[in-house]
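Inspection log for the structure reproduced underneath, given as structure tokens.
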Amino acid sequence: MTGQASRGMTDKGTVFMDRLYLIKHGGVEMKILVTGGCGFIGSNFIRYILNTHEDYEIFNIDALTYAGNPYNLSDVANNERYTFVEGRIEDRELVSKVVKGVDWIIDFAAESHVDRSILNAYPFLQTNIIGLQSLLEAAKNSDIERFLHISTDEVYGSLHSDSGKFTEESPMAPNSPYSASKASGDLLIRSYNITHELPVIIARPSNNYGPFQYPEKFIPLMITNLIDDKPVPLYGEGLNIRDWLFVGDTCRALDLILDKGKSGQIYNIGGNCEKRNIDLVRIILSIFGKDDNYIHFVEDRPGHDYRYALDNTMISTKLGWEPSVDFMERIRQTIDWYKNNEWWWRPLKTRLASISRGHWEK
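Printed below as a string of structure tokens:
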């Protein structure tokens with residue numbers, strides 16, 4: 106990394122303060138602090154904002170844990186409206202510095218892989234609860250206009266096939282250490298809104314897919330395995346159902362929520378694209394010209410939620426958002442991206458070879 110990114114990594118909070126001074130004397134309209142911006146959704150969001158809002162400045166703080174990759178943003182590293190600092194949100198001194206002077210905070214920072222939380226829950230509690238509290242406390246002591254926290258549909262628990270969809274009023278019933286840590290974070294955010302009147306909003310997207318998703322996740326794991334002519338692992342009988350959402354649609358929804366969302370509100374962001382895991386695998390196999398012989402059924406993971414589905418009524422009626430893309434078109438584009446960007450995912454895949462990706466690999 107060069108330019109802004111490398112300078113931010115070296116000077117940490119000092120760079121943020123220097124840049125904020127310059128911005129206040131320039132023409133930038135909005136200063137946004139993004140946490141976890143080197144991850145999958147965070148990096149796509151940063152790129153989206155820089156491309157669509159010429160008067161927005163982005164400050165990105167990321168711990169660069171195994172799934173945080175600065176190369177996700179190599180194409181914007183030298184953008185004058187982008188600054189990167191390597192650091193953890195649990196670092197209260199650093200967070201208190203970088204929060205001062207920004208208008209909005211959007212919090213992507215999280216440990217997010219269910220299988221890893223089953224093997225070791227501690228990092229999930231540390232980042233998703235303790236780190237979040239550090240960020241909320243810093244925001245409370247600043248002049249933040251908006252704090253948008255990215256949660257997950259998994260906080261609601263599991264649905265039966267005939268149970269309709271989760272709304273924002275559905276009770277939380279998390280079933281994994283990961284989703285329990287995210288639900289705990291959501292409750293912590295609620296407390297800061299009610300007790301301290303912090304202008305917080307929670308977004309709960311469904312399962313995302315698209316470019317720059319870490320190759321341990323379901324869709325990129327399948328794609329990269331098939332590129333290498335390897336079988337794809339599938340939990341149980343593959344009957345679990347997920348609601349799929351292209352990451353570009355998520356970025357558009359988050360942009361709308363930041364601009365028009367109501368403080369204290371929760372917004373579900375669903376893809377209206379429910380598919381059984383085995384059907385999704387077969388779609389991808391067909392695009393590769395392969396058959397079911399490439400499916401490797403593995404032991405189901407503990408507490409595997411059967412179905413997720415989100416009701417979009419709130420964000421649709423209040424903010425005018427709808428998922429806008431055709432699934433087959435976007436999954437083909439995603440496959441093409443991984444085919445054309447082996448330089449990005451193959452080193453990550455090599456690293457994963459020595460690290461368990463799931464319960465079935467123990």
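Counting from 106, one number per residue, gives the positions in the sequence shown under our numbering. Note that CB positions come from ideal geometry on N, CA and C, so glycine has one too.
For residue j and residue i, the rounded distance between their alpha carbons
| i | j | result |
| --- | --- | --- |
| A308 | E342 | 31 Å |
| R112 | T188 | Interpretation of R112 is limited by its pLDDT of 37, a score under 50 that renders its predicted location unreliable; the figure taken from the coordinates is listed afterwards. Roughly 8 Å between the two C-alpha positions. |
| I383 | V204 | 44 Å |
| N246 | M135 | 19 Å |
| L292 | F229 | 16 Å |
| K365 | E427 | 15 Å |
| L169 | G375 | 28 Å |
| R451 | E216 | 22 Å |
| K380 | H301 | 41 Å |
| Q405 | V219 | One point to set straight first is that residue 405 is Asp, not Gln, in the sequence displayed. Roughly 13 Å separates the two Cα atoms. |
| R193 | G236 | 8 Å |
| E242 | E195 | 11 Å |
| L385 | V190 | 37 Å |
| E469 | S286 | Lying outside 106 to 467, the shown extent of the chain, residue 469 is not represented and no answer is given. |
| E250 | I346 | 37 Å |
| E273 | K322 | 26 Å |
| S239 | D334 | 45 Å |
| K367 | N298 | 12 Å |
| I332 | N398 | 15 Å |
| Y171 | I146 | 15 Å |
| L344 | F271 | 19 Å |
| S179 | R456 | 20 Å |
| R197 | S421 | 37 Å |
| S296 | H265 | 31 Å |
Spatial neighbours of residue i in its chain, beta-carbon cut-off 7 Å, leaving aside the 5 residues before and after
| i | result |
| --- | --- |
| G142 | S148, I151, N165, D167, F213 |
| Y176 | W449 |
| A244 | V204, I210, F252, L303 |
| W442 | P316 |
| G99 | Residue 99 cannot be examined here, being either before or after the span of the chain that is shown, 106 to 467. |
| I163 | I137, V139, I151, I154, L155, R186, Y187 |
| V200 | I194, S239, L240, A243 |
| H130 | Because H130 sits at a pLDDT of 37, beneath the cut-off of 50, its placement in the model cannot be relied upon, and the point is left open. |
| A288 | V260, M277, P279 |
8 Å Cβ shell around residue i - same chain, five flanking residues per side excluded
| i | result |
| --- | --- |
| L127 | Residue placement at L127 is poorly supported in this model, since its pLDDT is 45, which falls under 50; the coordinates are not used for a value here. |
| V430 | F351, G353, D354 |
| K454 | P320, T329 |
| A458 | none |
| G173 | G141, C143, G144, D167 |
| D396 | L390 |
| G269 | A414, D416 |
| L326 | P320, V337, P338, R462 |
| I392 | I436, R437, I440 |
Spatial neighbours of residue i in its chain, beta-carbon cut-off 6 Å, leaving aside the 5 residues before and after
| i | result |
| --- | --- |
| Q74 | In the structure as shown, the chain begins at 106 and stops at 467. Residue 74 is therefore absent and cannot be evaluated. |
| I77 | There is simply no residue 77 to check, as the chain begins at 106 and stops at 467 in what is shown. |
| Y283 | V219, S222, F229 |
Identity of the residues DSSP links to residue i by a beta bridge
| i | result |
| --- | --- |
| F213 | Looking at the DSSP assignment, F213 forms no beta bridge with any residue, so it has no partner. |
| E379 | D348 |
| K94 | The displayed coordinates of the chain run from 106 to 467. Any statement about residue 94 would go beyond what the structure contains. |
| R251 | W209 |
| P310 | I374 |
| M135 | Y161 |
Whole-angstrom C-beta distance between residue j and residue i, which should lie under 8 Å
| i | j | result |
| --- | --- | --- |
| V403 | L339 | 7 Å |
| Y372 | M419 | 6 Å |
| L415 | D348 | 6 Å |
| I436 | I362 | In fact, because the Cβ distance is near 25 Å, the residues do not count as touching under 8 Å. |
| S263 | Y411 | 5 Å |
| Y153 | C356 | 4 Å |
| D208 | I137 | 7 Å |
| N233 | G290 | 5 Å |
| C155 | R186 | Reading the sequence as shown, one finds Leu at residue 155 and not Cys. Contact holds; Cβ gap of about 6 Å. |
| D258 | S311 | 5 Å |
Which full runs of the beta strand (DSSP E) of 3+ residues lie inside the stretch 140-194, going along the chain?
-> 161-167, 187-191
Can you list, in chain order, the stretches of the alpha helix (DSSP H) that have 4 or more residues and sit fully within the stretch 255-308?
-> 282-301
Complete runs of the beta strand (DSSP E) confined to the stretch 324-365 [at least 3 residues] | 337-340, 346-351
Which runs of the beta strand (DSSP E) fall wholly inside the stretch 365-429 and span at least 3 residues, in chain order?
-> 371-374, 379-381, 400-403
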